Amino acid sequence: MTSHIPLQQIWPTEFVQKYTQAGYWEGQCFGDLLAQRAQDYADQLAVIGPQEQWSYAQLNQKASLVAAGLQQLGLKQGARVLVQLPNIPEFISVVFGLFRAGMIPIYALPAHRITELAHFADQAPADAYIGVDHFDGFDYVQQAQTLHSRCPQLQHVILVGEAGPFISLEQLMHQGQGITVPDNVSHATDVAFLQISGGSTGLSKLIPRTHNDYIYTLRESARICGVNAQSRFLAALPIAHNFPMSSPGFLGTLYAGGCVVLSSTPEPEACFALIEKHRVSFTSLVPPLLLMWLEYAPHSRYDISSLQTIQVGGAKLIPEVAKRVTPTLGVQLQQVFGMAEGLVNYTRLHDDAYLVTHTQGRPISPDDEIRIVDDNDQPVAPGQAGHLLTRGPYTIRAYHNNPSANARSFTADGFYRTGDIVQLTEQGYLIVQGRANDHINRAGEKISAEEIEDHLLAHPAVFDAAVVSVPDDYLGERSCAFIIPKSDHAKPRALDIKRWIRQRGLADFKVPDQVIFVDKFDITAAGKISRKQLRAQLSQLLQNYHD
Ligand code: OOB
């Protein structure tokens, strides 16, 4: 059994002092936070799922049983546990159980498949996997068996539902009965969990977030978004994402004593029904889903008058769509521009219509430092677009276990290179222009071009490949793979290429939307050309073709 020293995120001492003295970091941990809420709001509803609803006292008790059960299995404080759960109440009892036991969840998405899970399990490294039996037509038990045999460090597999050869969550909690787990085993400077980065170069990276820094974002997000004990949050997006997790998301709602309503799908009909039934007051969406909701609303038979705010983020929302939100849905729009690495910007509830429709908001903290620079890291003129670099009380200083990514992604003085191209307005609001590097933002899911190219190059009939993003009216961006086959005789079909990516054990959203076969990459520049330039040229070619 691996036993870990709790991970810490390293901020230089002067910053620790600064953020503590400013009152941002309060020294509280998640396990302890839930225990406190269970005292203050014991009988109030914390979570509503499809079948069950739990009060704060019940959630707290379940978290304790999970914590005790995990300890009974032999897992130690600091153990890393890969969690892959859909929007079900057990997501919340499991992560709070892990927090209470001082263990570190790693949040995989339900869409992730074996190759991605094995990578996270190796990178952490993870000691256990907690998943579900079936969801959305996919057999996670079989996947867990493959994962277990592929990653020997995964000592335990725990599944919600029919666990097959593994232990079920119910059994685990049963084993935890009668065992008391203290509330405060962790230190607030410890890493509370590892979040997964969208990834722009190669494979996804792990993002270490501490109790101190994350709880600060919850407190401030709840305040900025007017979330309180009367609020009801509809979790429509997968809650493993940072946006529905903490901006303010389900954790910010629980922080404020509110109630989280979980939806297994973001589709408008199911969500409108839940909004009516549970009198939901706010929710968060990515732009393509907002479009679906806007199209559905005029035909809806549900009363969604309880809904006050819809937050939209994860990808660029164009002003034309933003302007339709209030007239069509009768709610206030709030734009959210954030990243799992830290920095989150909100338009404020009292901002004028122009700011809300045309900007992506301003940072949470007065100590979020924003630098906008050119390709040589020099500041751009005020109001000009440039690379966004940031540093602050909840933005990481390093990825977990990844020195080469750290060298690329952080400046010597600790600024995170977001990869976003933005403008800063005179009022301190950010307008996102696009991305500097090659990730494709497909309906809010980030895809690394390089990661997909590496899988395409492994195909026996592929000589060379480049993956680029193409503007898409609905998805924002979609992915297009340009492929040079090895020979004309053995030319694969687009279908084979898509199937190949699926068979490689990758999330469905990474399968190229479009595949174009070419004889060569028609590059005019002399000599060797970088993949980055190649992608830019191909992307331009496609855009010209469509215009
Ligand atoms: C959120 O987090 P991630 O880590 O999945 O993705 C971060 C990236 C940003 O660097 C940016 O490229 C893009 O997603 N992004 C937006 C945006 N919000 C995120 N691009 C344009 N407009 C926006 N409003 O996506 C995330 C995390 C917390 C809150 C909200 C979103």
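In full-length UniProt numbering, the protein residues as written are 1 to 547.
We put the beta carbon where it would ideally sit given N, CA and C, even for glycine.
Since this is a predicted model, take the numbers as computed values, not measurements.
Do residue j and residue i count as a contact pair if the criterion is CB distance below 8 Å?
i: T359; j: T425; result: yes
i: V227; j: A188; result: no
i: E456; j: A465; result: According to the sequence as given, residue 456 is Leu; it is not Glu. Result yes, Cβ atoms of L456 and A465 sit closer than 8 Å.
i: P105; j: V81; result: yes
i: G198; j: K446; result: yes
i: L538; j: V432; result: no
i: Q84; j: A126; result: no
i: Q195; j: Y56; result: no
i: G97; j: A63; result: yes
i: L343; j: D368; result: yes
i: I421; j: A340; result: no
i: L542; j: V462; result: no
i: A315; j: L333; result: no
i: V191; j: R209; result: yes
i: Y214; j: Y399; result: no
Rounded to a whole number of angstroms, what is the C-alpha to C-alpha distance between residue i and residue j?
i: V141; j: H134; result: 7 Å
i: M292; j: D351; result: 25 Å
i: L7; j: S246; result: 21 Å
i: D375; j: R417; result: 12 Å
i: F15; j: Q21; result: 10 Å
i: N401; j: I10; result: 13 Å
i: Q28; j: K76; result: 21 Å
i: A144; j: Q378; result: 48 Å
i: P182; j: E116; result: 34 Å
i: R37; j: I501; result: 45 Å
i: P248; j: A443; result: 20 Å
i: Y19; j: W25; result: 6 Å
i: L328; j: L355; result: Reading the sequence as shown, one finds Thr at residue 328 and not Leu. Taking the straight line joining both Cα atoms gives about 19 Å.
i: N441; j: I167; result: 37 Å
i: G69; j: L317; result: 44 Å
i: G434; j: V286; result: 16 Å
i: V331; j: T180; result: 45 Å
i: R223; j: V280; result: 18 Å
i: A536; j: S231; result: 45 Å
i: D508; j: F250; result: 25 Å
i: M1; j: G74; result: Only weak support exists for where M1 lies, its pLDDT of 45 falling under 50; the coordinates are left without a value.
i: V160; j: Y129; result: 11 Å
i: T309; j: D454; result: 41 Å
i: H156; j: L33; result: 27 Å
Does the ligand OOB have even one heavy atom less than 7 Å from the beta-carbon of residue i?
i: D375; result: no
i: V325; result: no
i: G198; result: yes
i: S204; result: no
i: K510; result: no
i: T418; result: yes
i: A315; result: yes
i: Q335; result: yes
i: H187; result: no
i: S479; result: no
i: N441; result: yes
i: S247; result: yes
i: R435; result: yes
i: Q423; result: no
i: H211; result: no
i: N401; result: no
i: H241; result: yes
i: V191; result: no
i: G444; result: yes
When the Cα of residue i is compared with those of the options, which residue comes out closest?
i: H299; options: H119, S55, H350, P268; result: P268
i: P165; options: H148, Q175, C480, I215; result: H148
i: Q177; options: V462, L65, G392; result: L65
i: I370; options: Q423, S404, E320; result: Q423
i: T390; options: A412, A108, H489; result: A412
i: D513; options: G476, Q332, R113, S487; result: G476
i: N212; options: H439, Q543, L172, G392; result: G392
i: L388; options: F337, L33, T357, Y399; result: F337
i: H119; options: G202, I396, A35; result: G202
i: V132; options: E162, R113, D122; result: E162
i: V146; options: Q175, R113, D136, G137; result: The residue asked about is misnamed: residue 146 is Thr in this sequence, not Val. Selected option, being the one with the closest Cα: R113.
i: Y41; options: C259, T13, F233, G252; result: C259
Residue i and residue j look like a contact to me (Cβ under 8 Å); what is the Cβ gap, rounded to whole Å?
i: S306; j: L237; result: The Cβ separation is near 19 Å, so there is no contact.
i: P110; j: P86; result: 5 Å
i: I484; j: K532; result: Not a contact, Cβ separation roughly 18 Å.
i: V261; j: A235; result: 7 Å
i: I48; j: H278; result: 6 Å
i: E220; j: S409; result: Incorrect: roughly 24 Å between the Cβ atoms, too far for contact.
At the 8 Å Cβ level, is residue i part of the contact set with chain C, yes or no?
i: F272; result: In the structure shown, chain C cannot be found, because there is only a single protein chain.
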